[in-house]
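J.: Residue numbers (UniProt numbering): 1 to 334.
Here is the structure:
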């Protein structure tokens, strides 16, 4: 998609509503929907600056955090911990601090749906987003010739946030696939004033990194780089923590953001990864082998990571380079 074709102005929402599965764009696991997701990412990037202020205009004084009183719905400790666990899997919530997490958890409301029941319908107004706790849900889009299946949502994934960000109607329908689905619903006000601000800042941080990451230099289209920001997450480790163990397979490609990672083989330290952008876990995901090394946090560190399920829609484009780099980085130690 050529981002220059996305125009701003009074007809923007009409254009946006015609685009493919807006509500299904952020957390796609389906390889069949990669093209649609790419299209939405370009739209989001092009309109980011002018559209994120819409909700502020709509809610006036509620846009000021100091005037905002989030709703609070009592929950058991087990429910609260389960919500936090689900939130950890989502990009939107990864930038929240502990206080913000508590506010969001408190504001979430449990909703139970049953097989074949609609959670959201295409064309309806969207005032809430959902985080999947249990069950599976299918996403469909009607382009005028009947519903087209786009993807399945699993526990930990969320949907409906783009309708809040852009104040657009639901652009797809979500239907319960399993016998039952338990979802956590978050209202528009809490999302806009707590989650949105933090996620925008985190997205900008990720985008700045991706624009300058040497590994992606052969990807010429900047939007192909920026789409990866939706697949990036963060983890922190304490000194001495084992991040990956020799002989195991990794489910993530880790990228050094801050700190030093020791690379060990047979209990002997070989070298350290210290530069922003140094990465590991690629043996498992790119080459399909077990890890030949153990990776240990040499101090308190912060890592970005791309989950294995997102590899095909992000780094697979440069798989040839990644395979060569495995030999360059580790060849003499293998």
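Quick reminder that beta carbons are idealized off the backbone N, C-alpha and C, glycines included. All values derive from a computational prediction rather than experimental measurement.
Considering only residues of the same chain and omitting the five flanking positions on each side of residue 280, which have a CB-CB separation below 6 Å?
T.: Cβ within range, chain order: 254, 295.
J.: Specify, as a first and last residue, the run of the alpha helix (DSSP H) that residue 80 falls within.
T.: Note, residue 80: alpha helix (DSSP H), 77-87.
J.: For the beta strand (DSSP E) that residue 297 lies in, which residues bound it at each end?
T.: Run containing residue 297: 294-297, per the beta strand (DSSP E) assignment.
J.: Are residue 93 and residue 181 closer than 7 Å when you measure CB to CB?
T.: Their beta carbons are not under 7 Å apart, which means residue 93 does not touch residue 181 by this criterion.
J.: Mind checking who residue 307 pairs with in its DSSP beta bridge?
T.: DSSP output for residue 307 lists 252 as bridge partner(s).
J.: From what residue to what residue does the alpha helix (DSSP H) around residue 320 run?
T.: Where residue 320 is concerned, the enclosing alpha helix (DSSP H) stretches over 319-330.
J.: Look up residue 131 in the DSSP assignment and say whether it is helix, strand or coil.
T.: Strand, per DSSP.
J.: Could you tell me which of 129, 148, 154, 215 sits nearest to residue 184, measuring between CA atoms?
T.: It is 129.
J.: From residue 327 to residue 270, what does the alpha carbon distance come to, in whole angstroms?
T.: Those two C-alpha atoms are separated by around 16 Å.
J.: Am I right that residue 300 and residue 238 are in contact with their C-beta atoms under 8 Å? What's the rounded C-beta distance?
T.: Contact holds; Cβ gap of about 6 Å.
J.: Using only CA atoms, which one of 244, 171, 122 lies nearest to residue 285?
T.: Checked all of 244, 171, 122; the closest Cα to residue 285 is 244.
J.: Tell me the rounded alpha-carbon separation between residue 261 and residue 307.
T.: Going by the C-alpha atoms only, they are around 19 Å apart.
J.: Using C-beta distances below 6 Å, list every residue in its chain close to residue 89, excluding the 5 sequence neighbours before and after it, in chain order.
T.: Answer for residue 89: 156, listed in chain order.
J.: List the residues that DSSP assigns as beta-bridge partners of residue 158.
T.: Residue 158 is bridged to 131.
J.: Along the chain, where does the beta strand (DSSP E) containing residue 104 start, and where does it finish?
T.: First-last for residue 104: 98-107, but that is the alpha helix (DSSP H), not the beta strand (DSSP E).
J.: Under three-state DSSP, which class holds residue 214?
T.: In this structure, residue 214 counts as helix in the three-state DSSP scheme.
J.: Determine the burial state of residue 126: buried for a count of at least 16 other Cβ atoms within 10 Å of its Cβ, exposed for fewer.
T.: Classification of residue 126: buried, given that the 10 Å Cβ count is 16 or more.
J.: Buried or exposed: which applies to residue 334, given that a residue is buried once 16 or more other Cβ atoms fall within 10 Å of its Cβ?
T.: Counting Cβ neighbours within 10 Å, residue 334 comes out exposed, since fewer than 16 surround it.
J.: If you reduce the DSSP assignment to three classes, tell me which class residue 68 lands in.
T.: Three-state result, residue 68: coil.
J.: At the level of alpha carbons, what is the spacing between residue 330 and residue 324?
T.: C-alpha separation (whole angstroms): 10 Å.
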